[in-house]
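Undergrad: Line by line, the protein sequences give chains S and L. Quick note, the working numbering runs 61 ahead of the 1-based positions in the first sequence. Here the working numbering is used: position 456 in the second sequence is 441, and no number is missing along the way. Backbone N, C-alpha and C define an ideal beta-carbon position, used for all residues, glycine too. I'd like to ask some things about the structure below.
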Amino acid sequence: MVCLAAYAGSVGCRVFDPRPEPATAAAPALPGQPTGVFTSERPTYAAVVNDFFGRRPIGEQPIEFPHDVHIKNNVACEMCHEGVATGPVAGLPSVRTCMICHEAIATDRPRIQQITALRDKGLDLQWSRVYGYVGEAHVRFNHAPHIRRKVECATCHGDLSQQTVAQRNVDLDMGFCVNCHNENKAPVDCLTCHF
Amino acid sequence: MSMDRRSFIKVTAITGTSAALASCGNPENQLIRFVPDEDIIPGQAVWKPSVCPLCAAGCGLTVRVMDADADVTRNGQVGVVRIAAAKKLEGQPSHPVNQGKLCARGQSAIQVTYHPDRITQPLKRSGTRGDGRYDAISWDDALSELVGRLDALAAAGNQKGLALVARPGASHRRALVDQFLARFGAPGAVTFELFGDDVLRQANGLSFGRQQLPTVDLPNARYLLSFGADFLGTWNSPVAHAVGYGRFRQGRPGVRGRFVQVESRMSQTGANADEWVPVTPGTEGVLALGIAHVIVTANLRTAADAGRAGALVDGWAGGLSAYAPEAVQKITGVDARRIERIAREFAATGPAVAIIAGPPLAHTNGLFNALAVNALNALVGSVGQPGGLFFTPQRDLAPAGSGAAQPATSLSALASGMLAGAESPVQVLLVDGANPIFTSPPAWRVREAIEKIPYIASFSSFLDETSGMADLILPDHSFLESWVDASPESGSMVASVSVAPAVMRPLYQTRAMPDVLLDVSRRLARPVAPPLPQTYEEALQTSMAGLPATQPDLGDAWAAAQAQGYWSGTLPAGMQAPAAAPAPRGPVAMTAPEFDGDAGQYPFHFLPYPSPAFLDGSLAHLPWLQEMPDPLTSAMWSQWVEINPATAARLGIGDGDVVEVASAHGRVRAPAVITPGIAPDIVAMPVGQGHRMFTRYASGRGENPVGVLAPVTEATTGALAWAATRVSITRAGDPDGRLILFAGGIREHVEHAR
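Structure below.
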């Protein structure tokens, strides 16, 4: 710790500090105002550190959602991931989307009763994202043009008909994207994805 | 220990690696997520119209709305919910005022909604007045409390004991507030703006019969002579001016409009001019008449061309014999040959137009200066002609039979009335967006006057010096969460009304201020009669219903307003605000400007000016504006005094040294910025910093220059002459590190030292 303090001192802690003098600082927080430094985006120290280093651990999903059952019953992907054909983000469904069907279907199953109870309490499912890029990658992926070009969902997301909760079993690195773009004569300009 | 970004990253890189390896699990799972109130397609942006509320220009906005997670508390549980949130503001491309453009202040307006110090629910004072301690209170209790106070006033027959202070600027919202006050029996709203334009409005009323700010047809002008008007930075409708200025300079092949700026401190606008003419403060009108003298004497125009505007200036009919260039040189300090040259250019390069605003009007002879420039415009025939001055037709916002509110008093008269007796004549004060404690000169004693008021309720979204005195706070929605409207006074040739619905749901437990007033009007023991509209929306709809449809593809005026955020077109005859018939008056003679303070003891003119970032200080709470480098000094997050290099050398003041500026009324300290763009006998300070209480970003940052202003007023109109104070300056200490410059200064110094 001593070394660290000495190091910090030597790199120039004579610093830009725009805060006003403490004697005249603002009044205490008012009722109803947010306090503290954590946000819903980064609620813990671990989340802050992970975010800083661009680590994106796959979290546990709130329920063991059976993708396989839904696909077997011919529920199309875009029924629940409703933004996929129209915009950049496919979207993770809210419990309201589940209840469109499950108000009537399979109401005797414990998992359905569990999410119905959740909805009745005004609570939503806190899905954990499986795919996606960290900010530092400077990648802006857009689903819609890929769907228009009829790229199969499974190309990038694996065969979901064999999975319950989604697994990250395709590594979406730059090589993967560029290979497919080359094969399909899609543009490989930097600015296609990095803008 | 404080730490800069670079060292933070270095330290974190060492300590963080191990922490990252150890950290596992998924913190998001600890969150509670609530069911959203609306269906939102993720990742897809929707652009919705709105209106910028930060100044009176009334620019149209288009707002990018997308999905976002918001932290909320429901039934005592903290969690997140997906909302459709406003993410970016841009200018509305077809709006007649801003034409798709938006200034830096407008861009920052998004921070009003998401400000961490925004008031999220009704509050009741728990500490002493001004210490900022409040308890939560429900809307029902809060409204009952306010209604109880108003009922008590009505029961005592003292309806005049209700006062409301607001910012000036025409809108339906203001019209609704005035109707409430009128029907309750209270006097009209008291408005005060430090850098207000009342002198110019009155001068235009006298010269041209239109008591309003002019619109300059810059795209068609070829010569622009500006007397102190910071029209590209802060004055009137800066975005409209900037768009017009671009066309004035570069919009016509082979034609580059010529621009001359007359002022004693170089503004952002002056820095753009072809020619910058420093002039002795308060003598701008004399210079204008010197130019008119040359034009008339050289027979380029005849004096009679100026018509009524000319007749208002003493000596006009006689050819202005007292204003020969040599005589004008003695008064204004501008070289006689230069006056002659500018005059000939001005007369020869048509269309030519002159404008006046800012410091020249803030002297004791401000009205004379304005009338002189008006006469110069009339002389060259630039009023109502392409490339000249226009007056935008104004919508009459007061509905028929609404009953005019009793005339409002001025802020200074209100304050002195409250201080005069043992008991304040104002028993209940409502504060709507104004902060008169910060923006009024100390000699008016507005703070003491407000302290005497038994009950104060504020509709503010932030605690500032004035709202911090309130006993009850009923926070307004942000402009993105409610209906918003403005009636631009200038900036376009055609009449326009900006009206737009909410672009997102309210984030907090706030309510739209006009709706709260309407609710109060119904809850009173003796509800106001005739009843007011049910809601602000209904009032807007009723008002818009009368306007003709100008874009058939968008439907009627109301539908058009909702689709694009404004209505514009030709106003039917009955709907225009009547042009004020000018009171007949004799010619105004030249008077020398008077200054507060002895010239020996206080040798410098003090020039406060609206900050390009904060205007009069009402925007100092927005961090983007705090960190925006000032266009001329590159200073950010700070306050400063501008001093001429010769003066600084004489007084032994170096760049960044702390300087004390003292007048007979107060003193402030701030770091010096030595700049050649200011006359040697003038010191200037931007207004905006120095808030005692105004969120974490503005509180305690510098000192308020309004604190040295003398309560001098313009002789005829009674407007505050904010440029008429004399000050002394003394070096008070070494640089204290509070002046932060973007270019040079501390950053380069630190890099150099390494």
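(1) Evaluate contact between the segment 162 to 176 of chain L and the segment 146 to 154 of chain L, counting only Cβ atoms and requiring at least three cross-stretch pairs below 8 angstroms.
(2) Counting only the same chain and skipping the five closest in sequence on each side, list residues whose C-beta sits under 7 angstroms from that of residue 309 (chain L).
(3) Tell me the rounded alpha-carbon separation between residue 485 (chain L) and residue 97 (chain L).
(4) Of the residues that make up the segment 489 to 518 of chain L, which ones have a beta carbon closer than 8 angstroms to any beta carbon in chain S?
(5) With residue 92 (chain L) as the anchor, note down where its beta strand (DSSP E) starts and where it stops.
(6) Are the C-beta atoms of residue 172 (chain S) and some chain L residue less than 8 angstroms apart?
(7) I'd like the list of long-range same chain contacts for residue 83 (chain S), defined as Cβ closer than 6 angstroms, with 5 residues on each side in sequence excluded.
(8) What are the partner residues of residue 57 (chain L), as DSSP defines its beta bridges?
(9) Do you know how far the Cα of residue 104 (chain L) is from the Cα of residue 137 (chain L)?
(10) Name, please, each residue of chain L whose Cβ falls closer than 8 angstroms to the Cβ of residue 143 (chain S).
(11) Who are the near neighbours of residue 168 (chain L) in its chain, counting only those whose CB is closer than 6 angstroms to its CB and skipping five residues on each side?
(12) In angstroms, rounded to a whole number, what distance separates the CA positions of residue 10 (chain L) and residue 119 (chain S)?
(13) Can you tell me whether residue 188 (chain S) is buried or exposed, with buried defined as 16 or more other CB within 10 angstroms of its CB?
(14) Run through chain S and tell me which residues come within less than 8 angstroms of residue 753 (chain L), C-beta to C-beta.
(15) Consider the Cβ of residue 119 (chain L): report whether some Cβ of chain S lies at a distance smaller than 8 angstroms.
(16) What residues in its chain sit with their C-beta under 7 angstroms from that of residue 12 (chain L), if we drop five residues either side in the sequence?
(17) I'd like to know if residue 248 (chain S) contacts chain L, where contact means its C-beta is closer than 8 angstroms to some C-beta of that chain.
(18) Going along chain L in order, which residues have a C-beta closer than 8 angstroms to the C-beta of residue 155 (chain S)?
(19) For residue 180 (chain S) and chain L, any beta-carbon pair shorter than 8 angstroms?
(20) Could you tell me which chain S residues have their CB closer than 9 angstroms to the CB of residue 49 (chain L), listed as they occur along the chain?
(21) Does any C-beta atom of chain S lie closer than 8 angstroms to the C-beta of residue 764 (chain L)?
(22) Please compile the residues from chain S whose C-beta is within a distance smaller than 8 angstroms of the C-beta of residue 59 (chain L).
(23) So for residue 136 (chain L), helix, strand or coil by DSSP?
(24) So which residues on chain S does residue 104 (chain L) lean against when the C-beta distance must stay under 9 angstroms?
(25) Can you give the Cα-Cα distance for residue 402 (chain L) and residue 127 (chain L), rounded to whole angstroms?
(26) Exposed or buried, residue 141 (chain L), counting other C-beta atoms within 10 Å across all chains shown (16 or more means buried)?
(27) Applying a beta-carbon distance threshold of less than 9 angstroms, which residues of chain L neighbour residue 206 (chain S)?
(28) Under the assumption that residue 606 (chain L) contacts residue 447 (chain L) (Cβ atoms under 8 angstroms), give the Cβ distance between them as a whole number of angstroms.
(29) Could you name the residues of chain S that residue 459 (chain L) contacts, counting a contact when the two beta carbons are closer than 9 angstroms?
(30) Counting contacts by CB-CB distance shorter than 8 angstroms, is residue 370 (chain L) in contact with chain S?
(31) Would you mind telling me which residues of chain L sit closer than 8 angstroms to residue 148 (chain S), beta carbon to beta carbon, in chain order?
(32) Which residues in chain S have a C-beta closer than 9 angstroms to the C-beta of residue 108 (chain L)? List them in chain order.
(33) Looking only at C-alpha atoms, which of L:728, L:710, L:706, L:715 sits nearest to residue 184 (chain L)?
(34) At a Cβ threshold of 8 angstroms, is residue 193 (chain S) touching chain L?
(35) Mind checking residue 219 (chain L): buried by the 16 CB within 10 Å criterion, or exposed?
(36) From what residue to what residue does the alpha helix (DSSP H) around residue 193 (chain L) run?
TA: Checking against the coordinates, here is how it stands:
(1) At 8 angstroms Cβ cutoff, the stretches touch.
(2) Excluding positions up to five away in sequence, the list reads 278.
(3) Their Cα atoms are separated by approximately 17 angstroms.
(4) If the cut-off is 8 angstroms between Cβ atoms, the segment 489 to 518 of chain L has 493, 494 near chain S.
(5) Not the beta strand (DSSP E): residue 92 (chain L) falls in the alpha helix (DSSP H), residues 89 to 93.
(6) Contacts with chain L at 8 angstroms (Cβ-Cβ) do not include residue 172 (chain S).
(7) With a pLDDT of 44 at residue 83 (chain S), under the threshold of 50, the predicted position of this residue should be treated as unreliable, though the coordinate-derived value follows. Cβ neighbours of residue 83 (chain S) beyond the five flanking positions: none.
(8) Beta-bridge pairing links residue 57 (chain L) to L:64.
(9) Taking the straight line joining both Cα atoms gives about 28 angstroms.
(10) Residues of chain L with a Cβ closer than 8 angstroms to the Cβ of residue 143 (chain S) are, in chain order, 26.
(11) Taken in chain order, the residues that qualify are 513.
(12) Reliability fails at residue 10 (chain L), whose pLDDT of 44 lies under 50, so the model's placement of it is uncertain and the value that follows must be treated cautiously. The alpha-carbon atoms of residue 10 (chain L) and residue 119 (chain S) are separated by roughly 9 angstroms.
(13) Of the other Cβ atoms in all chains shown, 16 or more fall within 10 Å of the Cβ of residue 188 (chain S); this residue is therefore buried.
(14) Within the shown structure, residues of chain L are numbered from -14 to 739, placing residue 753 (chain L) beyond reach of any answer.
(15) At least one beta carbon of chain S lies nearer than 8 angstroms to the beta carbon of residue 119 (chain L).
(16) Low confidence applies to residue 12 (chain L): its pLDDT is 43, below 50, so where it sits in the model is not reliable enough to give any reading.
(17) Chain L contact via Cβ: absent.
(18) The answer, in chain order, is 20, 21, 67.
(19) Judged by the 8 angstroms Cβ criterion, residue 180 (chain S) is in contact with chain L.
(20) Within 9 angstroms Cβ-Cβ: nothing; residue 49 (chain L) doesn't reach chain S, min ~13 angstroms.
(21) Absent from the structure is residue 764 (chain L), since the part of chain L shown begins at -14 and ends at 739.
(22) Neighbourhood of residue 59 (chain L) in chain S, by CB distance below 8 angstroms: 183, in chain order.
(23) DSSP places residue 136 (chain L) in helix when its eight states are reduced to three.
(24) Think of a sphere of 9 angstroms around the beta carbon of residue 104 (chain L): the chain S residues whose beta carbon falls inside it are 91, 93, 94, in chain order.
(25) Taking the straight line from one Cα to the other gives about 29 angstroms.
(26) Classification of residue 141 (chain L): exposed, given that the 10 Å Cβ count is below 16.
(27) Simply none; closest approach about 13 angstroms.
(28) That belief holds up - the Cβ atoms of residue 606 (chain L) and residue 447 (chain L) are roughly 6 angstroms apart, short of 8 angstroms.
(29) Near residue 459 (chain L) there are no residues of chain S at all, since even the closest Cβ is about 13 angstroms away, more than 9 angstroms.
(30) Interface criterion not met: the Cβ of residue 370 (chain L) is under 8 angstroms from no Cβ in chain S.
(31) By Cβ distance, chain L contributes 26, 27, 28, 29.
(32) Those within 9 angstroms of residue 108 (chain L) in chain S are 91, 92, 93.
(33) When each option's Cα is compared against that of residue 184 (chain L), the closest is L:706.
(34) Judged by the 8 angstroms Cβ criterion, residue 193 (chain S) is not in contact with chain L.
(35) Burial check for residue 219 (chain L): the Cβ neighbour count within 10 Å reaches 16 or more, so the residue is buried.
(36) Taken as a continuous stretch (DSSP letters only), the alpha helix (DSSP H) holding residue 193 (chain L) covers 183 to 193.
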